[in-house]
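Colleague: Take a look at this one; I'll ask things after.
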């Protein structure tokens, strides 16, 4: 009976433990990262008697959590990528929405601006037209600035979030380390007695860390884990944490880079491409792949437009007869001295970059360095060397450089980054719009032939005297010589222009090199017929230069002469759009993978309440049965007692 | 296979979330009427749409200019018509003045007074200003008065600039005529040379040219050695007409006289006819084409009318008539030029209207919404969403715990 009692008791205890665990499972059903637990029950060692072994009941071997390292790792990998793409998507969506806005995008402002220019071309003397051109120009400048400041806001947001993400990673790393410590203590009895709930907690923390940056773990024999981030950078080793921190980039002080804090102080930057996955990975790749590019593209449109428009505007003549000045405030590539790589102090270089060819401009940033013998120009995006030589680059990627550099000096050149922020209209007076051309042609009334000459336009400032009242030194005359079939030119280079009335009568385009003018000749001039080109005086109704300014709208001046301003912008829109939709597709694909992995992992480790309810009933019945056994033992004992009595 | 209870909830919530996002997106499409709400919906179409909208804006600019061009050309046409009317009236007066036999001196005087008035009206037309106060015929110099002066002499203050308007991607259409071309630079009667005479009793015709290339700018003089014979001289080599003549002939009134190339007597360069009764010593000069202007033509006519004893009266009348005809021809030529430009612009307007429809179509097909399919999508998504909600409610009600009491 004593045996019956004690055997029943083990069953009763075991059933109670199982009920406890079931109730624990039910209670934690909604806890993130909880893995269901199970009581592992074994038969107690039997008692040997002369006739054989008698069972001694049951005993609880351990409480184990149902957990698969492999499935959990799959979930972590999918989740890290999902968060990375989702972060990327959430960031780029802001730019995508900005560009798409029918009223806030650049296209409407650009169209209105050129419409204003055309209004001046159509009616050059009208003050309202001129005023409207100035207003639309202001609106265009404002639009550029607004878009740029939106980009800057997004950029500031990214920088802040990078800092927050790094803080989160550090905090989570500390938690992992402290849990490591607790687990080592708790599992002092050996790995067969797992500290299930602490392990779950640690896994949940690692999962959170993994959402900030891709984290992989390896287990140690004492129960602690080592955590590696990105591409293998150790973050937690047992109880030790390697703290991350953000520092200004060595190639661009305005952007932060992530590095590891050394124990003795100082920070070793981790290359961005090694920091993949999670929020931080998404932010970093968004910043370098999309934001830098989009912002620079916008700047490139701004600086190209300003440069081209100003150049053409300077070839014109304003209402007062003076040559045009800059229409927009001239923009130049931004330069910033970086620490000298020899001395570590700020560089003393005095270098200016100027735009030599708008068509050659790229959306890249560069670092110009001097090692005492050679100058080198390196793209910051991919560290590609675009120039190396003993002199400063004369014309590389549309830029030319001048100035002095000391050994080890480095200069950050950002040709386009801030252009859209700095664009502004330089003139306020409507009379200063240079709508006219500086020269006008006339045919002598004594001409007896039918030759005619179109009104010339200036191609460059060669031979044009901007300061003087007369914009060309002497009036140019062209006199036809029918015996030699040529025009004799005075006051310009070249001195003769071949013209054969029988073949050129339909029109021949002529370019003078100095002054640099172009016009076309047509018809059949008679011998001695002459034409005069002189300064355009009081040409208030002349819209030739305004027309030339208008034609810049469709001129293919960007990207090596293949793209107009409008197309460059639409390319940028399409690029950002593609990146956005790519991020969206990737995020949803990763979500799908995550769903599958989670399903598999939860299928194994998750709590099913119906199952627990069934278990509850089962263990209750076991408990009741064991209790009944005790009851039986009791009855037996009573029987004995009654015999005695 | 096991299913975790919390996963049932999570995945249901996620599904409903996704469906709500879809419904919202379709709703956005329906409310904006755009299939492409953000560039990421269809990056290529979004970029193309921007380019199409740029083309539409180009078209709008051109359309504005086309309207302005037609208006400007119409106003130019009516100005040219008015100028032509004045010249026509003057021409009638000149013909009247030609009937010298029936005109008294006072008749001539009254014609002169009339012509003076016409002169003023012509000058006023030449100095016409447009709605914004710019002179219509001064070329580029819009705020410079085109012509200054009076009957004693008028000079052109403008330049030879031609105002243009951009009416298509590649066409700058001229919408103005400069005053020099219209009033000042009127070719000689035959377009090549001018004739003049010292005779009071004979007149020289306008003359004809054998071919534009034949006349190379020589100067001729015809001198009557008697009432019936004449000599032809090269007045560049022999201005006084005293040496050996190039040719000689017998005079018949109205018969044309061929003037030979000084270098090659066998070739006839130009022909003139003299009529009337020249006297001995009368000379006739032919010089390379000079241009005349309308104002001096009128002035010379007035001077001729007022000069009672001018021996060259009939030559003057003949010359005036010739010049006026030329001036009118010049005006008509410029008028028809402006007319054909109007036709061109009107054609472009039609093309522009067609293009506009095409671009709108293109834009619609790029980013526009197909309402039928969008509404059907919306209905479908709504159905799915409702189904998900209903089944979720059912599934969440299923629990073994409900049966344990």
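Residue numbers (UniProt numbering), protein chains in the order written: chain A, 1 to 645; chain Z, 1 to 405. A virtual CB, placed ideally from N, CA and C, is assigned to each residue, including glycine.
#1: Taking only three categories from DSSP, how would you classify residue 64 of chain A?
#2: Do the region 293 to 303 of chain Z and the region 145 to 154 of chain Z make contact, defined as three or more Cβ pairs closer than 8 angstroms?
#3: Please decide whether residue 571 of chain A counts as near chain Z, where near means a Cβ-Cβ distance under 8 angstroms.
#4: In whole angstroms, what separates the C-alpha of residue 274 of chain Z from that of residue 455 of chain A?
#5: In whole angstroms, what is the alpha-carbon distance linking residue 218 of chain A and residue 226 of chain A?
#6: Can residue 158 of chain Z be considered in contact with the ligand NAP, in the sense that its beta carbon sits closer than 7 angstroms to one or more heavy atoms?
#7: Closer than 8 angstroms, CB to CB, is residue 431 of chain A near chain Z or not?
#8: Quick one: measure Cβ to Cβ for residue 310 of chain A and residue 296 of chain A, integer angstroms, because I've assumed they're closer than 8 angstroms.
#9: Name the chain A residues whose beta carbon is nearer than 7 angstroms to that of residue 1 of chain Z?
#10: Got a sec, what are the start and stop residues for the alpha helix (DSSP H) residue 133 of chain A sits in?
#11: Can you name the residues of chain Z whose CB is closer than 7 angstroms to the CB of residue 111 of chain A?
#12: Determine the chain A residues that contact residue 364 of chain Z at a beta-carbon separation under 7 angstroms, and present them in chain order.
#13: Is it right to say residue 393 of chain Z is buried, meaning 16 or more other beta carbons lie within 10 angstroms of its own, or is it exposed?
#14: Going by C-alpha to C-alpha distance, which of A:15, A:422 and A:281 sits closest to residue 158 of chain A?
#15: So if DSSP puts residue 339 of chain A in a beta bridge, which residue, or which two residues, is it bridged to?
#16: Classify residue 87 of chain A: buried if its beta carbon has 16 or more other beta carbons within 10 angstroms, exposed otherwise.
#17: Do the region 500 to 518 of chain A and the region 463 to 476 of chain A touch if we need at least three Cβ pairs shorter than 8 angstroms?
#18: Kindly list, in the order they appear in chain Z, the residues whose Cβ is closer than 9 angstroms to that of residue 541 of chain A.
#19: Considering only C-alpha positions, which residue in the set Z:77, Z:323, Z:7 and Z:168 is nearest to residue 56 of chain Z?
#20: From the DSSP output, in three-state form, read off residue 195 of chain Z for me.
#21: Of the choices A:260, A:577, A:37 and A:378, whose alpha-carbon is the least far from that of residue 23 of chain A?
#22: Considering only C-alpha positions, which residue in the set A:600, A:508 and A:172 is nearest to residue 652 of chain A?
#23: Among the residues of its own chain, which have a CB less than 7 angstroms from the CB of residue 204 of chain A, if the five just before and after it don't count?
#24: Starting from the Cα of residue 10 of chain A, find the closest Cα among A:624, A:637, A:248 and A:214 and give me that residue.
#25: Can you pull the chain Z neighbours of residue 562 of chain A, defined as C-beta to C-beta under 8 angstroms?
#26: Under 8 angstroms, do residue 94 of chain A and residue 154 of chain A count as touching if we go by C-beta distance?
#27: Within 10 angstroms of its Cβ, does residue 525 of chain A collect 16 or more other Cβ (buried), or is it exposed?
#28: Run through chain A and tell me which residues come within less than 9 angstroms of residue 404 of chain Z, C-beta to C-beta.
#29: Verify the CB distance criterion: does residue 85 of chain A have a CB-CB separation below 8 angstroms to chain Z?
#30: Residue ranges of each alpha helix (DSSP H) run of no fewer than 4 residues wholly in the region 93 to 178 of chain Z, ordered along the chain?
#31: According to DSSP, residue 488 of chain A sits in a beta bridge with which residue or residues?
#32: Can you tell which of A:598, A:355, A:412 and A:372 has its C-alpha closest to the C-alpha of residue 397 of chain A?
#33: Quick check: residue 436 of chain A and residue 135 of chain Z, are their CB atoms within less than 8 angstroms of each other?
#34: Which chain Z residues are close to residue 99 of chain A, counting only those with a beta carbon under 7 angstroms from its beta carbon?
#35: Do the region 370 to 388 of chain A and the region 254 to 272 of chain A touch if we need at least three Cβ pairs shorter than 8 angstroms?
#36: With contact counted as at least three CB pairs below 8 angstroms, one residue from each stretch, are the region 422 to 441 of chain A and the region 326 to 345 of chain A in contact?
Modeller: Checking against the coordinates, here is how it stands:
#1: strand
#2: yes
#3: yes
#4: 43 angstroms
#5: 5 angstroms
#6: The ligand NAP is absent from the structure shown, which contains no ligand whatsoever.
#7: no
#8: At roughly 21 angstroms, the Cβ-Cβ gap does not stay under 8 angstroms, so residue 310 of chain A and residue 296 of chain A are not in contact.
#9: Contact note: residue 1 of chain Z reaches chain A through 603, using a C-beta cutoff of 7 angstroms and chain order.
#10: 127 to 186
#11: Taking a Cβ-Cβ threshold of 7 angstroms, the residues of chain Z close to residue 111 of chain A are 54 and 57, in chain order.
#12: In chain order: nothing, as chain A lies at least about 14 angstroms away.
#13: Counting C-beta atoms within 10 angstroms of its own C-beta, residue 393 of chain Z has fewer than 16 neighbours from the protein chains shown and is therefore classed as exposed.
#14: A:281
#15: Beta-bridge pairing links residue 339 of chain A to A:346.
#16: buried
#17: yes
#18: 134, 135, 138, 139, 140, 141, 142, 143, 161, 163 and 176
#19: Z:168
#20: strand
#21: A:37
#22: Limits of chain A in this structure are 1 at one end and 645 at the other, which puts residue 652 of chain A out of reach.
#23: Sequence-distant Cβ neighbours of residue 204 of chain A in its own chain, meaning closer than 7 angstroms and more than five residues away, are 32 and 33.
#24: A:624
#25: Under the 8 angstroms cutoff, chain Z gives no residues; its nearest Cβ is about 14 angstroms from residue 562 of chain A.
#26: yes
#27: With 16 or more other CB atoms across the displayed protein chains lying within 10 angstroms of its CB, residue 525 of chain A is buried.
#28: Going along chain A in sequence order, the residues near residue 404 of chain Z (Cβ under 9 angstroms) are 613, 616 and 617.
#29: no
#30: Whole alpha helix (DSSP H) segments, 4+ residues: 105 to 126.
#31: A:479 and A:496
#32: The shortest C-alpha separation from residue 397 of chain A is found at A:355.
#33: no
#34: 39
#35: The answer is no - the region 254 to 272 of chain A does not touch the region 370 to 388 of chain A, with fewer than three Cβ pairs under 8 angstroms.
#36: yes
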